[in-house]
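Number of protein chains: 2
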Amino acid sequence: MKLNTKSRYAVMALADMAVFSRNNAVSLRDISLRQGISLLYLEQIFLKLKKNNIVKSVRGINGGYMLVKTPKELKILDILLALDQKVKTIGCKKDSKKSCNGKSTKCITHNFWDELDIHINSFFESKKLSDLLRNKEVRY
Amino acid sequence: MKLNTKSRYAVMALADMAVFSRNNAVSLRDISLRQGISLLYLEQIFLKLKKNNIVKSVRGINGGYMLVKTPKELKILDILLALDQKVKTIGCKKDSKKSCNGKSTKCITHNFWDELDIHINSFFESKKLSDLLRNKEVRY
DNA sequence: TATATACCCGACTAAAATAGTCAAGTTTTA
DNA sequence: TAAAACTTGACTATTTTAGTCGGGTATATA
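Residue numbers (this note's numbering), protein chains in the order written: chain A, 378 to 517; chain B, 378 to 517.
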């Protein structure tokens with residue numbers, strides 16, 4: 378059960394911004410260098426973050442991106458949703474009448490997976506970007 | 378963030394066994410028919426379950442598989458581990474000194490992902506196969 | 001106003017993972 | 001001894017992932 382790198386890099390890059398922004402835009406180039414993420418890949422990621430109103434952009438020289446919300450307000454869940462990373466651990470469709478394995482009734486395990494999804498979702502819902510920053514162990 | 382079908386089918390098949398076994402072996406053919414899972418695929422899955430001592434097999438006519446533990450004792454986590462489905466949501470290596478994105482220090486987000494893994498793991502650790510069965514909504 | 005910096009965006013692709021199938025067995029019991 | 005059922009490794013089509021590529025556009029500053 379894995380999270381894809383896009384989601385991971387997105388959280389990483391936003392955490393970087395939270396640390397290094399002093400009310401000025403942070404360029405992808407800087408994030409790329411500091412975090413070791415491909416610039417081209419970051420561009421792709423930030424396109425989505427911008428469309429979903431997680432960041433706003435400043436074009437031109439000295440441009441970059443800025444967080445729309447403060448790190449305290451920004452939920453990790455919002456970041457993941459911006460990258461289409463839904464927490465839906467299995468394929469059963471919740472709403473459909475013809476759902477699990479093509480059967481008309483819910484499969485034996487259906488409700489269990491729903492529970493799992495809720496469990497994970499609530500974790501991402503409760504965590505804010507700021508929660509990542511107070512770690513003493515980490516050096517930048 | 379998805380669970381693979383192998384893990385899902387494994388849990389499903391074992392739940393089926395828990396429901397339909399009356400101290401006799403349950404054949405994969407029956408599970409296949411009831412749960413709508415390919416017989417050939419089930420064979421592959423049960424090979425792993427057997428290797429990991431989740432089920433034991435009875436060969437020959439009227440053969441099949443039996444649960445090694447009772448549904449009350451069998452943790453969902455054990456099932457997932459049997460299928461190599463580790464709950465390790467990202468690629469950072471926990472122990473290595475040269476870990477995240479090839480850097481010598483832990484990445485900003487490292488501890489957060491560790492927390493996530495623990496959160497999910499403890500869910501699978503706490504749930505037993507029997508927990509799936511008491512659901513009144515489900516018909517068989 | 002030239003130019004360098006940095007965002008913008010769709011299309012493409014190699015590699016890996018997934019979700020199976022296939023073939024050729026072996027074992028056991030009725 | 002025939003049929004049911006487990007055993008096992010190898011194979012494969014499809015999908016997903018993890019990016020790259022190419023060609024833009026906007027803007028600050030020299």
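Even glycine gets a Cβ: it sits at the ideal position worked out from N, Cα and C.
Can you list, in chain order, the stretches of the alpha helix (DSSP H) that have 4 or more residues and sit fully within the region 394 to 470 of chain A?
-> Counting whole runs of 4 or more residues, the region 394 to 470 of chain A contains the alpha helix (DSSP H) stretches 405 to 412, 416 to 428, 453 to 459.
Inset, instruction - Please report the Cβ distance between residue 444(A) and residue 505(A), rounded to the nearest whole angstrom; I am assuming they are in contact, meaning their Cβ atoms lie under 8 Å. - result: Here residue 444(A) refers to the residue found at position 67 of the first sequence. Here residue 505(A) refers to the residue found at position 128 of the first sequence. Contact check for residue 444(A) and residue 505(A): beta-carbon distance about 12 Å, past the 8 Å limit, so the pair fails to qualify.
Next on the checklist: Can you list, in chain order, the residues of its chain with a C-beta nearer than 8 Å to that of residue 501(B)? Leave out the 5 residues immediately preceding and following it.
Outcome noted: Position 124 of the second sequence, counted from the start, is the residue given in the question as residue 501(B). Here residue 501(B) has 452, 453, 454, 457, 464 as same chain residues with Cβ atoms under 8 Å from its own Cβ, once five neighbours each way along the sequence are excluded.
request  = Return the Cβ separation of residue 370(A) and residue 378(B) in integer angstroms, given the expectation that the two are a contact with Cβ distance under 8 Å.
outcome  = The structure shown does not extend to residue 370(A), since chain A is modelled only from 378 to 517, so the question has no answer here.
Next item on the list: Taking C-beta pairs closer than 9 Å, name the residues in chain B that residue 509(A) reaches, listed in chain order.
Entry: Here residue 509(A) is taken as the residue at index 132 of the first sequence, counted from 1. Listed along the chain, the chain B residues whose CB falls inside 9 Å of the CB of residue 509(A) are 485, 486, 488, 489.
What does the alpha-carbon distance come out to for the pair residue 387(B) and residue 400(B)?
The sequence position of residue 387(B) within the second sequence is 10, counting from 1. The sequence position of residue 400(B) within the second sequence is 23, counting from 1. Note on geometry: alpha-carbon atoms of residue 387(B) and residue 400(B) lie some 20 Å from one another.
- prompt: How would you label residue 489(B), buried or exposed, when you count the other beta carbons within 10 angstroms and need 16 or more for buried?
  reply: For the purposes of this step, residue 489(B) is taken as residue 112 along the second sequence, with counting starting at 1. By the neighbour-count rule (16 or more Cβ atoms within 10 Å), residue 489(B) is buried.
CB of residue 406(B) within 8 Å of CB of residue 393(B), strictly: Residue mapping note: residue 406(B) aligns to position 29 of the second sequence, counting from 1. Residue mapping note: residue 393(B) aligns to position 16 of the second sequence, counting from 1. Contact flag unset, no.
Checking the sheet assignment: what are the DSSP bridge partners for residue 505(A)? Walking along the first sequence from the start, residue 505(A) turns up at place 128. DSSP output for residue 505(A) lists 452(A) as bridge partner(s).
* Which residues, taken in chain order from the region 389 to 413 of chain A, show a beta carbon closer than 8 Å to some beta carbon of chain B? -> Correct list: 389, 392, 393, 396, 412, 413.
* Asked: Thinking C-beta only, is residue 425(A) closer than 8 Å to residue 459(A)?
  -> Looking up residue 459(A) in the first sequence gives position 82. Looking up residue 425(A) in the first sequence gives position 48. It is a contact, given that the beta carbons lie within the stated cut-off.
#### Entry: Buried or exposed by the 16-neighbour rule on C-beta atoms within 10 Å, applied to residue 419(B)
Taking the second sequence and counting its residues from 1, the one referred to as residue 419(B) is at position 42. For residue 419(B), the number of other beta carbons within 10 angstroms of its own is at least 16, and it is reported as buried.
Worksheet item: What is the DSSP secondary structure of residue 495(A), reduced to helix, strand or coil?
Response: For the purposes of this step, residue 495(A) is identified with residue 118 of the first sequence, where counting begins at 1. In the structure shown, residue 495(A) sits in a helix (DSSP, three-state: H, G or I).
Open item on the list: Suppose contacts are defined by Cβ-Cβ distances below 8 Å. Is residue 396(B) in contact with residue 441(B) by that definition?
Closed with: Translated into the one-based positions of the second sequence, residue 396(B) becomes position 19. Translated into the one-based positions of the second sequence, residue 441(B) becomes position 64. Going by beta carbons, residue 396(B) and residue 441(B) fall outside the 8 Å limit.
Report task. May I ask you to list, following chain order, the residues of the region 444 to 474 of chain A that have a beta carbon less than 9 Å from some beta carbon of chain B? Result -> Those would be 453, 457, 462, 463, 464, 465, 466, 467, 468, 469, in chain order.
Worksheet item: For chain A, is any of its Cβ atoms less than 8 Å away from the one on residue 436(B)?
Response: On the second sequence, position 59 is the one that residue 436(B) refers to. Taking Cβ atoms only, chain A never reaches closer than 8 Å to residue 436(B), which makes this a no.
For residue 468(B) and residue 497(B), the rounded distance between their alpha carbons: For the purposes of this step, residue 497(B) is identified with residue 120 of the second sequence, where counting begins at 1. For the purposes of this step, residue 468(B) is identified with residue 91 of the second sequence, where counting begins at 1. When the Cα atoms are used, residue 497(B) and residue 468(B) turn out to be separated by approximately 16 Å.
TODO: Measure the C-alpha to C-alpha separation of residue 499(A) and residue 462(A) and round it to an integer number of angstroms.
DONE: Reading the first sequence from its first residue, position 122 is the one you call residue 499(A). Reading the first sequence from its first residue, position 85 is the one you call residue 462(A). In a straight line, the C-alpha of residue 499(A) is about 15 Å away from that of residue 462(A).
Exercise for review: Starting from the beta carbon of residue 498(B), find every residue of chain A whose beta carbon is closer than 7 Å, and list them in chain order.
Suggested key: For the purposes of this step, residue 498(B) is taken as the residue at position 121 of the second sequence. None at all; the shortest Cβ gap to chain A is about 10 Å.
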